[in-house]
């Protein structure tokens, strides 16, 4: 008897397999599209771009590209991965047809982008109602985070420019709804900008915030239960004034740069005024304190704005900045929330760091690179990326539980979407059989059962 001395078993490979389905786990996304009504919404929105006697529906074409990106694609041609599996994804347009649609949408930029956004907004409203306690508004509030993203360009593309990090590419502003510690988050708006666009350009922050609020369900477009949160790039007079002019209609929590005036005021804060910072579990944070600044530092800022500063002992080896004081690292933010302790407000603002997780997920989902040359084309691509991120947020919200709801796109692909299956036809029924030995098959089938229980869109 011969024994293998290699680390892996040898198998004979043939290319004559039949009824085998790759990416079978992506049926989860297909069912999410169906249950959320996103297919009907996008199809109706893009009907003006359907040519007479056209075979492929523009809405289906756009969603196919989004599904390809969800499965790991990063360019239009990756839709060919879906074309190879018609039993799961249906008829998929050819590469030239996809390119023609993107060009047609780019030719009528504003109208097309608004149509796509309105379709996403309708689907979002339905998803939040279906999700119930798993929805981001389960506690009666919605938190919208704004943050910039640097997208490196590997070739000469329109509006690509040197960035502040000495790279070359684009600098879009993106907004995400925070799903809290029990979930991930979903995009609501994005503004494509040249690479040399300023981090703290107030007009861009105002434009992006307007787009984001327009995407939310109606009851959250105007209401104190909506919080807009940014880092110090949003801490400009014009943007804070714009937020404040919403009066009782909007809350904000905006990072602020430590100016010399703030620095000097911190040095004068009595020791008895500092309050211990808290953690998410309510425990006191050792070595960190918060205090509210008053007086001249608020001069010139909108009425009702509160300025809260945090000081903490830096971790070993950390370099202090000129704006730090007495060996303490200082950070500062402004808010118009008046009825909560400053330690709670500081914790709420610190949770803005979850936006970095959303950006990491976006980079892994079509935002590593903008694949098209012209800016208007890449604006359409950015909407496709957001549709993809919508689906990757809505599917866990509606169908997954526990730690699985926190899985980011790469883990969802590895454990769920890449699962292989076998297509079996019995009578008039087609059954997709997933591998019994795959460790996450039960996750997939249970999620599909939950989606099946949801009502179909009217």
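Numbering (my numbering), first residue to last: 3 to 460.
Heads up, the beta-carbon is just placed ideally off N, CA and C, and yes, glycines get one too.
This one's a predicted model, so the numbers in the text were calculated from it and none came from an experiment.
A direct Cα-Cα distance of roughly 12 Å separates residue 365 from residue 72. Within the same chain, 147, 149, 178 come within 7 Å of residue 357 by CB-CB distance, once the 5 residues on both sides are set aside.
DSSP assignment within the segment 280-368 yields the following whole beta strand (DSSP E) runs of 3 residues or more, N-terminal first: 286-295, 308-314, 331-337.
The segment 215-233 makes contact with the segment 256-270; the number of CB pairs closer than 8 Å reaches 3 or more.
Contact check between the segment 338-351 and the segment 59-72: fewer than three CB pairs, one atom from each, fall below 8 Å, which does not count as touching. Annotated as proximal: residue 26 and residue 422, with beta-carbon spacing under 7 Å. Look at residue 73 here: in three-state DSSP terms it is coil, with no helix or strand label. The beta-carbon separation of residue 121 and residue 47, rounded to 4 Å, stays under the 8 Å limit for a contact.
The alpha-carbon of residue 130 is positioned some 17 Å away from that of residue 191.
Note that the C-beta distance between residue 332 and residue 313 is below 7 Å. Under the three-state reduction of DSSP output, residue 10 falls in the coil class, being neither helix nor strand. Approximately 34 Å separates the beta-carbon atoms of residue 133 and residue 307; this is outside 8 Å, ruling out the contact.
About 6 Å separates the Cβ atoms of residue 241 and residue 208, confirming a contact at the 8 Å cut-off. The closest CA to that of residue 301, considering only 252, 243, 340, 316, is found on 243.
Counted as a single uninterrupted DSSP element, the stretch harbouring residue 411 is not any beta strand (DSSP E) but the alpha helix (DSSP H) occupying residues 411-414.
In the three-state reduction of the DSSP assignment, residue 45 falls in the helix class. For residue 148, the secondary structure class from DSSP, reduced to helix, strand or coil, is strand. Following the DSSP letters along the chain, one finds residue 419 in no beta strand (DSSP E), marked with neither H nor E. By the CB criterion at 7 Å, residue 214 and residue 378 fall outside the cutoff. Assignment of beta-bridge partners to residue 253 by DSSP yields 229. Residue 456: not part of any alpha helix (DSSP H); DSSP gives it neither H nor E.
Residue pairing by DSSP puts residue 277 in a beta bridge opposite 292.
Around the beta carbon of residue 386, 16 or more other beta carbons sit within 10 angstroms, so the residue counts as buried.
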